[in-house]
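Residue numbers (my numbering), protein chains in the order written: chain F, 172 to 325; chain A, 2 to 386.
Even glycine gets a Cβ: it sits at the ideal position worked out from N, Cα and C.
Encoded as structure tokens, the structure appears first; notes follow it.
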Amino acid sequence: MVRPEQLIIASGDAVQPFAYSVGMHGSRFFTEIRDNCRFMAVRCPRCKKVYIPPRAVCGDCFVEMKEWVEVGPQGVIGTFTIIRFAFLDPETGRQKPVPYGYGFIKLDGADTLFQHYISVEEEKRLRIGARVAPVFSRERKGSIRDIEYFKVTD
Amino acid sequence: MAKRVAIVGTGQTFHTSHRPDVNGQELINEAVIRALNDADLQMKDIDAIVIGNMDHFEGINYVDCWSVDGSGGTMKPIIKLTTGGTTGCTVAIGGYHLVGSGMFDRVLIIGWEKNSESDTTGAITTAFDPIWDRLVFAGAISGLAAEAQAYMARYGATDRDAARVSVRDRKHALNNPHAHLRREVTLEQVLASPILADPIHLLDVCPRSDGACAVIMASEDVAEKICPQPDWILGTAARHSYSYLGDADYGRLTSMREGSQELWKKAGIREPRKELDVIELYQPYSFGGLIWIEDMGLVGPGEAPRYIWDGNTDMGGELPINPSGGVISCNPIGATGLIRCAEAALQVMGKAEYRQVPDVKLAFSSGFGGCWWTDMILHGRKKPH
């Protein structure tokens with residue numbers, strides 16, 4: 172019987188850094204969040220759908236979008252789950268703290284859903300349709316983490 | 002010159018959670034040798050190869066290049082396709098296009114994965130948008146849980162309804178020597194298993210498996226000479242609906258609805274539930290077995306639980322689903338969609354042994370992945386017009 176350790180060679184400990192463009196639309200979104208705690212979305216000139224996160228093209232109509240619309244900051248839970256299993260966060264290589272609430276939020280005035288953490292302090296209050304409000308970090312740097320989580324308000 | 006296309010041979014490896022006894026190339030070779038033996042062909046008969054996996058799962062890119070000794074691709078036309086969970090179904094559709102184009106008569110199609118060699122959940126998370134999706138996403142289960150939650154809220158279904166699907170597939174797997182998990186479970190065992198992400202229990206979801214599958218497709222000029230009863234491809238469809246996770250219509254699978262409607266139209270199918278004989282559904286979790294058969298138009302919205310409870314999709318029922326045990330019983334991701342295709346082919350060819358559904362004339366197989374995209378194939382016993 173051959174032992175597994177004789178059959179498996181592990182990769183090294185190399186770290187590969189990546190840098191991603193957020194685009195002009197994404198940049199405006201994060202600037203508004205950082206400076207004004209405002210959620211900015213874009214509206215399609217053809218189908219009138221309001222998209223968040225904002226992006227340059229409506230995939231359905233395949234036209235450019237330039238009309239900015241303020242949405243939220245409150246909304247309702249479109250759907251959600253509570254993550255309870257252990258897994259490695261690929262951004263840190265460490266285990267993600269669980270349980271945590273993960274929701275798709277229909278911000279007031281938007282047609283697509285915005286995903287973020289939802290506080291599970293009072294787990295039983297989480298339901299589809301519950302009203303939620305964002306909690307922003309005190310020091311904001313222009314990233315998705317400027318929003319700490321959403322909390323149920325009703 | 003367009004040609005009709007048939008599957009004339011299939012091969013699968015021994016699938017299990019860890020295969021340290023073989024490297025990727027050797028694993029691929031196991032499936033290829035079995036497919037060649039099944040079709041009674043030799044590697045020199047193969048004109049071209051389509052291969053695919055999720056390369057960032059193993060952390061090795063360009064499988065089309067480094068695996069040629071195992072795949073048989075040395076100095077042959079070979080391309081790689083990677084489309085996430087749908088990869089196995091996409092390589093089959095790619096092979097169908099190559100043969101259907103009239104450029105190649107015999108094409109070898111390979112899907113494979115060694116999920117044991119990395120962290121699959123971490124890798125899946127990196128398949129989504131790094132700016133908007135990655136912070137909160139927890140691999141496949143998190144998105145599927147959100148889908149299940151929305152479906153339950155919309156139609157009043159319960160986790161008990163889903164558990165019934167898991168019980169079905171795990172029972173069917175007992176008939177399949179290639180299934181990774183072969184153990185019957187009860188409804189109570191599913192519901193008592195730990196919740197991974199509400200409302201999904203551990204026994205609602207698929208395992209991670211190591212394995213490979215190979216399929217040989219041939220043109221109408223040679224198919225019946227190779228195999229007296231080939232599995233004719235009647236049509237294929239693929240749909241991607243979104244780039245961002247928050248754009249999905251949670252509780253419904255739009256890509257399944259649009260793609261299956263295209264297939265039914267292509268094949269002149271009016272009542273899929275009555276006309277199809279068997280389905281191999283890429284169903285990585287039990288709730289998909291409810292939601293997605295509604296989107297296929299087998300039953301109306303919200304009607305799947307009743308249909309499943311009545312035994313219609315069990316072996317011996319009106320329309321058996323996943324006689325192989327499905328993805329819930331075996332999931333080498335890049336091979337999983339191709340296994341659905343191969344299993345549907347075995348059903349049409351009458352070679353499915355203990356898991357054979359009697360008298361299969363029309364079969365359906367699918368692939369599912371990521372942002373709720375779906376690939377699908379319609380298989381038939383009779384050569385299409």
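Report task. With a 10 Å radius around its C-beta and 16 neighbouring C-beta atoms as the bar for buried, classify A181/F as buried or exposed. Result -> The count along the first sequence starts at 1 and reaches residue 181/F at position 10. The residue in question, A181/F, is exposed, as its Cβ has fewer than 16 Cβ neighbours within 10 Å.
Query raised in the report: Measuring CA to CA, which of R274/A, G317/A, P131/A and A198/A is closest to Y286/A?
Result: To locate residue 286/A, count along the second sequence from 1; it is residue 285. Cα-wise, what sits closest to Y286/A is A198/A.
Requested in this report: Taking only beta-carbon positions, decide if T255/A is within less than 8 Å of chain F.
Outcome: Counting from 1 along the second sequence, the entry for residue 255/A is found at position 254. Not one chain F Cβ lies under 8 Å of T255/A.
Query - Three-state class that DSSP yields for P305/F in the structure shown - result: Within the first sequence, the letter at position 134 stands for residue 305/F. Strand.
Query raised in the report: Can the beta-carbon of H16/A be found closer than 8 Å to that of D222/A?
Result: Here residue 16/A corresponds to residue number 15 of the second sequence, with the count starting at 1. Here residue 222/A corresponds to residue number 221 of the second sequence, with the count starting at 1. Taking a C-beta distance under 8 Å as the contact criterion, H16/A and D222/A do not qualify as a contact pair.
Query raised in the report: For chain F, is any of its Cβ atoms less than 8 Å away from the one on Y63/A?
Result: Here residue 63/A is taken as the residue at index 62 of the second sequence, counted from 1. It does not; no Cβ of chain F falls within 8 Å.
Requested in this report: Spell out the partners DSSP gives Q266/F in its beta bridges.
Outcome: Counting from one through the first sequence, the residue named residue 266/F turns up at place 95. DSSP lists L259/F as partners of Q266/F.
Report task. Below 6 Å CB to CB, which residues in the same chain sit around A281/F once its five sequence neighbours on both sides are set aside? Result -> The count along the first sequence starts at 1 and reaches residue 281/F at position 110. If we look at A281/F and ignore the five residues flanking it on each side, its Cβ neighbours are A212, V221, I223 and V242.
Report task. Measuring only between beta-carbons, confirm whether E292/F sits less than 8 Å from chain A. Result -> The residue you call residue 292/F lines up with position 121 of the first sequence. Taking Cβ atoms only, chain A never reaches closer than 8 Å to E292/F, which makes this a no.
Query - Test: S182/F CB closer than 8 Å to a CB of chain A - result: Counting from 1 along the first sequence, the entry for residue 182/F is found at position 11. Answer yes: the Cβ-Cβ gap between S182/F and chain A drops below 8 Å somewhere.
Requested in this report: State the start and end residues of the unbroken alpha helix (DSSP H) segment that holds K275/A.
Outcome: The sequence position of residue 275/A within the second sequence is 274, counting from 1. Where K275/A is concerned, the enclosing alpha helix (DSSP H) stretches over P273 to E276.
Query - Selection from D311/A, P200/A, R155/A and Q26/A that minimises the alpha carbon distance to G303/A - result: Working through the second sequence from its first residue, we reach residue 303/A at position 302. Across the set D311/A, P200/A, R155/A and Q26/A, the C-alpha of R155/A shows the shortest separation from the C-alpha of G303/A.
Requested in this report: List the residues of chain D that E238/F touches, going by C-beta distances under 9 Å, in chain order.
Outcome: No chain D appears in this structure, whose protein chains are F and A.
Query raised in the report: Are there three or more Cβ pairs, one per stretch, closer than 8 Å when the stretch 291-309 of chain A is compared with the stretch 134-145 of chain A?
Result: no
Query raised in the report: In chain order, what residues of the same chain lie with their CB nearer than 7 Å to the CB of N313/A, ignoring the 5 residues before and after it?
Result: Counted from its first residue, the second sequence places residue 313/A at position 312. Excluding sequence neighbours, N313/A sits near E319 and L320.
**Report entry** Selected residue, minimal CA-CA separation from I253/F, among Y63/A, H202/A and L192/A
**Finding:** In the first sequence, residue 253/F corresponds to position 82, counting from 1. Among Y63/A, H202/A and L192/A, the Cα nearest to that of I253/F is on H202/A.
**Report entry** CB of Y251/A within 8 Å of CB of T250/F, strictly
**Finding:** Within the second sequence, residue 251/A is the residue found at index 250, counting from 1. Within the first sequence, residue 250/F is the residue found at index 79, counting from 1. Yes, the Cβ-Cβ distance between Y251/A and T250/F is below 8 Å.
Query raised in the report: What does a CB cutoff of less than 8 Å around P21/A pick up in its chain, not counting 5 residues either side in sequence?
Result: Here residue 21/A refers to the residue found at position 20 when the second sequence is read from its first residue. Excluding residues within five positions, the ones whose Cβ falls inside 8 Å are S117.
Query raised in the report: Listing by chain order, which chain F residues have their CB less than 7 Å from the CB of V1/A?
Result: Outside the displayed span of chain A (2 to 386) sits residue 1/A, for which this structure offers no information.
Report task. Keeping to the same chain, check which residues put their C-beta closer than 7 Å to that of K115/A; ignore five residues upstream and five downstream. Result -> Your numbering for residue 115/A matches position 114 in the second sequence. Around K115/A: R20, G25, L28, E59 and D211.
Query raised in the report: If we ignore side chains and look at the alpha-carbon of each, how far apart do A128/A and G371/A end up?
Result: Looking up residue 128/A in the second sequence gives position 127. Looking up residue 371/A in the second sequence gives position 370. Spanning the two alpha carbons is a distance of roughly 8 Å.
Report task. Taking I329/A as the reference, give the member of P208/A, A336/A, D376/A and A32/A with the closest Cα. Result -> The residue labelled residue 329/A in the question sits at position 328 within the second sequence. Considering only alpha carbons, the answer is P208/A.
Query raised in the report: Does the stretch 77-90 of chain A come within contact of the stretch 167-185 of chain A, defined as at least 3 CB pairs closer than 8 Å?
Result: no
Query raised in the report: So, does the CB of T91/A fall closer than 8 Å to a CB anywhere in chain F?
Result: In the second sequence, counting from the first residue as 1, residue 91/A sits at position 90. Taking Cβ atoms only, chain F never reaches closer than 8 Å to T91/A, which makes this a no.
Requested in this report: May I ask you to list, following chain order, the residues of the stretch 187-221 of chain F that have a beta carbon less than 8 Å from some beta carbon of chain A?
Outcome: The stretch 187-221 of chain F vs chain A, Cβ under 8 Å: F189, Y191, V193 and G197.
Query raised in the report: Residues of chain F with CB under 8 Å from S143/A, in chain order?
Result: As a first step, residue 143/A must be located in the second sequence, where it is residue number 142. Correct list: T252, I254 and Y273.
Query raised in the report: Looking at C-beta atoms only, is the number of pairs between the stretch 284-304 of chain F and the stretch 313-324 of chain F that lie closer than 8 Å three or more?
Result: With a cut-off of 8 Å, the stretch 313-324 of chain F and the stretch 284-304 of chain F count as touching, because enough Cβ pairs lie within range.
Query - contact_flag[the stretch 88-100 of chain A, the stretch 371-382 of chain A] where n(CB pairs < 8 Å) is 3 or more - result: yes
Requested in this report: Say whether chain A places a C-beta atom closer than 8 Å to the C-beta of G246/F.
Outcome: On the first sequence, residue 246/F is found 75 positions in, with the first residue counted as 1. Not closer than 8 Å to any Cβ of chain A, the Cβ of G246/F fails to qualify, so no.
Query - Enclosing alpha helix (DSSP H) for E189/A [first to last residue] - result: On the second sequence, residue 189/A is found 188 positions in, with the first residue counted as 1. Counting along the chain, the alpha helix (DSSP H) containing E189/A begins and ends at L188 to A193.
Requested in this report: Check the Cβ of G230/F against every Cβ in chain A and list those closer than 7 Å, keeping chain order.
Outcome: Indexing the first sequence from 1 puts residue 230/F at position 59. Per Cβ cutoff of 7 Å: S244.
Query - K277/F classed as buried or exposed, judged by whether at least 16 other C-beta atoms fall within 10 angstroms - result: In the first sequence, counting from the first residue as 1, residue 277/F sits at position 106. Counting Cβ neighbours within 10 Å, K277/F comes out buried, since at least 16 surround it.
Query raised in the report: Quick one: does A305/A have its CB under 8 Å from some CB of chain F?
Result: Within the second sequence, residue 305/A is the residue found at index 304, counting from 1. No, no contact with chain F.
Query raised in the report: Is K312/F helix, strand or coil by DSSP?
Result: One-based indexing of the first sequence puts residue 312/F at position 141. Note: K312/F maps to coil in three-state DSSP.
Query raised in the report: If we ignore side chains and look at the alpha-carbon of each, how far apart do G260/A and Y283/A end up?
Result: In the second sequence, the residue the question calls residue 260/A occupies position 259. In the second sequence, the residue the question calls residue 283/A occupies position 282. Taking the straight line from one Cα to the other gives about 14 Å.
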